[in-house]
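Participant: Let me begin by handing over the structure; questions about it come next.
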Amino acid sequence: MNPIKQLTLAFLVCLAAWSAHGETLPNMVFLMTDDQGWGDVGYNGHPKIKTPHLDDMAKTGIRFDRFYAGGSVCSPTRASCMTGRCNWRVSINDPSRADEEHLPQEEITLPEALKAKGYATGHFGKWHLGGFNEKMAKGPVHVMPPWKAGFEECFSSFNVLVTHDPYARIGKHGIEGLYWHNGRNIPFEEGQKDPTLRGDDAAIVMNKAIPFIREQAKAKKPFLAVIWFHNVHTPLGKNPELMKQ
Numbered sequence: 013m014n015p016i017k018q019l020t021l022a023f024l025v026c027l028a029a030w031s032a033h034g035e036t037l038p039n040m041v042f043l044m045t046d047d048q049g050w051g052d053v054g055y056n057g058h059p060k061i062k063t064p065h066l067d068d069m070a071k072t073g074i075r076f077d078r079f080y081a082g083g084s085v086c087s088p089t090r091a092s093c094m095t096g097r098c099n100w101r102v103s104i105n106d107p108s109r110a111d112e113e114h115l116p117q118e119e120i121t122l123p124e125a126l127k128a129k130g131y132a133t134g135h136f137g138k139w140h141l142g143g144f145n146e147k148m149a150k151g152p153v154h155v156m157p158p159w160k161a162g163f164e165e166c167f168s169s170f171n172v173l174v175t176h177d178p179y180a181r182i183g184k185h186g187i188e189g190l191y192w193h194n195g196r197n198i199p200f201e202e203g204q205k206d207p208t209l210r211g212d213d214a215a216i217v218m219n220k221a222i223p224f225i226r227e228q229a230k231a232k233k234p235f236l237a238v239i240w241f242h243n244v245h246t247p248l249g250k251n252p253e254l255m256k257q
């Protein structure tokens, strides 16, 4: 049994124990950056890349230096994290073919398991584990958006998008259909007019995730917030504020 599956099973056993004893269930916030190398952070000694917030988290938290995923990039990693299984077991073997490979519907995902324990579940950011509709996927069998994988609240994109001002026009055309909110596509023209969808993409994602977290905390309901950033994957957009530094 691989390490991720062992940890997932152990985690679910712990949840059952918490629930059985009437104790408060833990809230979970699962952050992931996109295709960031283990050496591309300050706390691992990179001489130029500045990651002060990640450095603080590494300093004050617990670092799992041997927490391996089934694949080192994109979709394979995401599949392992959502199921606790090797990505080959769920037929996601390529980082760039999520329109032809998808998370099987029969798989039990982490949010599905937690929902059974009374958790609120939310996904924010990149998905890349199946198409959001038949047009996006190569056949209806490959349609597997996050709202069909156990997530109740979703502000998600199928794949990559520009990391700064994702609804800005690139060249003569914009990129149609970037974000989806609970199953509804937010088209390009609408996104251009919405100030909450302009600027730094990581901030856009967090500004959608934080209200979800606060709402569950106010309701005293345990929650899982999966926040998968598009940074540092291409296409990279220039952040004017960071360019001044």
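Residues 13 to 257 in our numbering are what the sequence shown spells out, letter by letter.
Quick reminder that beta carbons are idealized off the backbone N, C-alpha and C, glycines included.
Quick one: what does DSSP say E201 is sitting in, helix, strand or coil?
Facilitator: For the purposes of this step, residue 201 is taken as the residue at position 189 of the sequence shown. It is helical.
Participant: Give me, in chain order, the residues of the same chain whose beta-carbon lies closer than 6 Å to that of G186; leave out the 5 immediate sequence neighbours on both sides.
Facilitator: Walking along the sequence shown from the start, residue 186 turns up at place 174. Because the pLDDT of G186 is 48, which lies under 50, any placement of that residue in the model is unreliable, and the number read from its coordinates should be weighed accordingly. Correct list, in chain order: F200.
Participant: Any idea what DSSP makes of C93, helix, strand or coil?
Facilitator: Along the sequence shown, read from residue 1 onward, the residue named residue 93 stands at position 81. The answer is helix: DSSP assigns C93 an H, G or I state.
Participant: Quick check on DSSP: helix, strand or coil for P116?
Facilitator: The count along the sequence shown starts at 1 and reaches residue 116 at position 104. If DSSP states are grouped into helix, strand and coil, P116 belongs with coil.
Participant: On a Cα-Cα basis, can you pick out the residue from L43, K220, K147 and G130 that is closest to N194?
Facilitator: Counted from its first residue, the sequence shown places residue 194 at position 182. Of L43, K220, K147 and G130, the residue nearest in Cα terms is K220.
Participant: Contact check, V172 vs H242 under 8 Å by CB: the rounded distance?
Facilitator: Counting from one through the sequence shown, the residue named residue 172 turns up at place 160. Counting from one through the sequence shown, the residue named residue 242 turns up at place 230. Confirmed, about 6 Å.
Participant: On the CB-based measure, 16 or more other CB atoms within 10 Å of its CB, does T246 come out buried or exposed?
Facilitator: Translated into positions along the sequence shown, residue 246 becomes position 234. So T246 ends up on the exposed side.
Participant: Pick helix, strand or coil for E165, following the three-state DSSP scheme.
Facilitator: The sequence position of residue 165 within the sequence shown is 153, counting from 1. The answer is strand: DSSP assigns E165 an E or B state.
Participant: Within 8 Å, do at least three Cβ pairs link the region 147-154 to the region 225-237?
Facilitator: No, the region 225-237 does not touch the region 147-154.
Participant: Would you mind giving the Cβ-Cβ distance between G134 and A237, rounded to the nearest angstrom? I have them listed as a contact below 8 Å.
Facilitator: Translated into the one-based positions of the sequence shown, residue 134 becomes position 122. Translated into the one-based positions of the sequence shown, residue 237 becomes position 225. Yes, G134 and A237 are in contact; Cβ-Cβ is about 5 Å, under 8 Å.
Participant: Between the C-alpha atoms of K250 and G54, what's the straight-line distance to the nearest angstrom?
Facilitator: In the sequence shown, the residue the question calls residue 250 occupies position 238. In the sequence shown, the residue the question calls residue 54 occupies position 42. Rounded to the nearest angstrom, the two C-alpha atoms are 21 Å apart.
Participant: Does the distance from the CB of I104 to the CB of A91 come in under 7 Å?
Facilitator: Working through the sequence shown from its first residue, we reach residue 104 at position 92. Working through the sequence shown from its first residue, we reach residue 91 at position 79. Yes, the Cβ-Cβ distance between I104 and A91 is below 7 Å.
Participant: Given this structure, state the Cα-to-Cα distance separating R101 from V41, to the nearest angstrom.
Facilitator: By 1-based counting over the sequence shown, the position of residue 101 is 89. By 1-based counting over the sequence shown, the position of residue 41 is 29. Distance between the alpha carbons of R101 and V41 is about 26 Å.
Participant: I need the straight-line Cα distance from W159 to D46, nearest angstrom please.
Facilitator: Translated into positions along the sequence shown, residue 159 becomes position 147. Translated into positions along the sequence shown, residue 46 becomes position 34. Computed Cα separation, rounded: 21 Å.
Participant: Below 7 Å CB to CB, which residues in the same chain sit around K62 once its five sequence neighbours on both sides are set aside?
Facilitator: Working through the sequence shown from its first residue, we reach residue 62 at position 50. G54, listed in sequence order.
Participant: As a quick exercise: from G130, Y191, I239 and S108, pick the residue whose alpha carbon is nearest that of V174.
Facilitator: Start at 1 with the first residue of the sequence shown, and residue 174 comes out as number 162. Ranking G130, Y191, I239 and S108 by Cα distance to V174 puts Y191 first.
Participant: Taking the beta strand (DSSP E) that T133 belongs to, which residues open and close that run?
Facilitator: Working through the sequence shown from its first residue, we reach residue 133 at position 121. Counting along the chain, the beta strand (DSSP E) containing T133 begins and ends at A132 to K138.
Participant: Going by other Cβ atoms of all chains shown within 10 Å of its Cβ, with 16 needed for buried, is M255 buried or exposed?
Facilitator: Numbered from its first residue, the sequence shown carries residue 255 at position 243. Classification for M255: exposed.
Participant: Within this structure, are the beta carbons of I239 and F136 separated by less than 7 Å?
Facilitator: In the sequence shown, the residue the question calls residue 239 occupies position 227. In the sequence shown, the residue the question calls residue 136 occupies position 124. Taking 7 Å as the Cβ cut-off, I239 and F136 qualify as a contacting pair.
Participant: Between the Cα of Y179 and the Cα atoms of R196, R210 and T121, which residue gives the shortest distance?
Facilitator: Sequence index remark: in the sequence shown, residue 179 carries index 167 (1-based). If we check each option's Cα against that of Y179, R210 comes out closest.
Participant: Over what stretch of residues does the alpha helix (DSSP H) that includes F239 continue unbroken?
Facilitator: Here residue 239 refers to the residue found at position 227 of the sequence shown. The sequence as given places Ile at residue 239; Phe does not occur at that position. I239 -> not in any alpha helix (DSSP H); beta strand (DSSP E) instead, spanning F235 to W240.
Participant: Could you spell out the range, first to last residue, of the alpha helix (DSSP H) harbouring M69?
Facilitator: Locating residue 69 in the sequence shown gives position 57, counting from the first residue. Here the alpha helix (DSSP H) through M69 covers P64 to T72.
Participant: Round the Cβ separation of P107 and P88 to the nearest angstrom and send it over; I've been treating them as touching at under 8 Å.
Facilitator: For the purposes of this step, residue 107 is taken as the residue at position 95 of the sequence shown. For the purposes of this step, residue 88 is taken as the residue at position 76 of the sequence shown. Going by Cβ atoms, the distance from P107 to P88 rounds to 6 Å, so yes, they are a contact pair.
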